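Chemist: After the C-alpha cells below, expect a handful of questions from me.
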Amino acid sequence: MQPLSERFHSPGTAPDHSANLNVQLMSLNKPDQRPARSLRQSAKRFSGSAIVALTLGATLTVVPVGPAAAAPGPTGCPTAGAWVGAWSAPASDNTQNPPVDPSYDLIGAVDNSTVRSMIVPTRAGQVVRVHLSNAFGDGPLVVGAASVAKRSQGAGIDLPVPLAFGGSPSVTVPEGGEVVSDPAPMPFQAFEALAVSTFLPDTVTSPTRHWVARQTSYLTAAGSGNQVSDTAGRCSQATNRARASRRGCS
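Going by UniProt numbering, 210 is the number at position 210 of the sequence shown; the sequence numbering is gapless.
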C-alpha cells in the first residue's frame, strides 16, 4: 500500500507540519521501558532505506505510568496525561527534483485505494491516537476509514483496531491542516512493528512525500476501495519497485 509520510509527536508541542497524513499513537507505558527517542533521533533512525514514492505520516506518543499517569476512561483509554514521542520521520513538499533514482517506478497518485504504512515505535504503549496532516496538499484530503494493527508478515496484519474521528469513521483533512483521531486501545511493545492503514476514496495527486524510508509500506490498486480491515494484505503492492510484491485479489 502507498505511504504518505510517517511522523510521531506529542501533544502540547507545536504540530510538525512535515507529513501529509500524521499518525499519533498514545498509550500507557510500563515503567521499565527505555526512554523514547527524540523526534530528530527517531527520524534519523527510521527515515531511509528503500526509496518510496509516498509515505504515510504518523506520530507515536506514550503516556508514562506513575503518579502522574491518567486513569483509564470507560473504554480503557486514558482521560488525560502527557504524550511522549516514540517515532518520527520528516516529510518533504519537494515535487520538482526528488532525490530518487530514475529507475524506481514511483507512484504519482492514489485513487480509491488503501495505504498501509509500516512503522516501528521505540516506546511501548496501550492506547493509540492518530494525527492526520494535509500540510502540503493542494486541496481537502478525504480519509474514508483508518485502522491500526500489529504487523504479521509482508502486508499482512493481526486484527485491526478501527480509528474514529469525533465518533465518525471518516474525516476530511483541510488543505494545510490536520486532524486527530479519538483514542483507541492498542497495546504494543517497544520495537514491535505496527501498521497504520488509511483508505483514500478520492484521487490524491499531491500528497506530502517522504522520499526515503527504512520500512516497506504497501498500496492497493486504484479502484480497490476500502481495505483497512484486510488482514491478509491482498490487492497490495510494495511502494518501491525494488521490493515490489503483488498479490492476488480474491
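Built from N, CA and C at the ideal position, the CB exists for glycine as well.
If you're wondering where the values come from, they're calculated on a predicted model, not measured in any experiment.
For Arg129, which option in Ala193, Ser224, Gly166 and Phe136 has the closest C-alpha, if you only look at C-alpha atoms?
Modeler: For this step, residue 129 is matched to residue 129 along the sequence shown. Closest option to Arg129, Cα to Cα, is Gly166.
Chemist: Which residues in the same chain as Gly137 place their Cβ atom closer than 8 Å to its Cβ, once the five residues preceding and following it in sequence are excluded?
Modeler: Counted from its first residue, the sequence shown places residue 137 at position 137. If we look at Gly137 and ignore the five residues flanking it on each side, its Cβ neighbours are Asn20, Val173, Glu175, Gly176, Val204, Ser206, Pro207 and Thr208.
Chemist: Would you please state the rounded distance, in angstroms, between the beta carbons of Ala222 and Val120? I believe it to be under 8 Å.
Modeler: Taking the first residue of the sequence shown as 1, we reach residue 222 at position 222. Taking the first residue of the sequence shown as 1, we reach residue 120 at position 120. 28 Å between Cβ atoms; not a contact.
Chemist: For Gly125, write down the residues that DSSP places opposite it in a beta bridge.
Modeler: Counted from its first residue, the sequence shown places residue 125 at position 125. According to DSSP, Gly125 bridges with Phe188.
Chemist: To the nearest angstrom, report how far apart Asp230 and Leu219 are at their CA atoms.
Modeler: In the sequence shown, the residue the question calls residue 230 occupies position 230. In the sequence shown, the residue the question calls residue 219 occupies position 219. About 12 Å.
Chemist: Are Asn112 and Pro185 closer than 8 Å when you measure CB to CB?
Modeler: In the sequence shown, residue 112 corresponds to position 112, counting from 1. In the sequence shown, residue 185 corresponds to position 185, counting from 1. No. Outside cutoff.
Chemist: Here's the rule: buried if 16 or more other CB atoms are within 10 angstroms of the residue's CB, otherwise exposed. What is Pro140?
Modeler: Reading the sequence shown from its first residue, position 140 is the one you call residue 140. The residue in question, Pro140, is exposed, as its Cβ has fewer than 16 Cβ neighbours within 10 Å.
Chemist: Quick one: give me the first and last residue of the beta strand (DSSP E) that Asp111 is part of.
Modeler: Position 111 of the sequence shown, counted from the first residue, corresponds to residue 111. Its beta strand (DSSP E) spans residues Val110 to Ile119.
Chemist: What span of residues does the beta strand (DSSP E) with Ala149 cover, start to end?
Modeler: Residue 149 sits at position 149 when you count from the first residue of the sequence shown. Residues Ala145 to Lys150.
Chemist: CB-CB under 7 Å to Asn226, same chain, minus the five flanking residues each way: which ones, in chain order?
Modeler: To locate residue 226, count along the sequence shown from 1; it is residue 226. Excluding residues within five positions, the ones whose Cβ falls inside 7 Å are Thr114, Gly144, Ala145 and Phe199.
Chemist: Is it buried or exposed, Thr214, if we count other Cβ atoms within 10 angstroms and call 16 or more buried?
Modeler: Start at 1 with the first residue of the sequence shown, and residue 214 comes out as number 214. It should be noted that the sequence gives Arg, not Thr, for residue 214. Arg214 should be labelled exposed.
Chemist: Compute the beta-carbon to beta-carbon distance between Arg123 and Ala190, rounded to the nearest angstrom, for a pair I have assumed lies under 8 Å.
Modeler: Residue mapping note: residue 123 aligns to position 123 of the sequence shown, counting from 1. Residue mapping note: residue 190 aligns to position 190 of the sequence shown, counting from 1. About 5 Å; that satisfies the 8 Å criterion.
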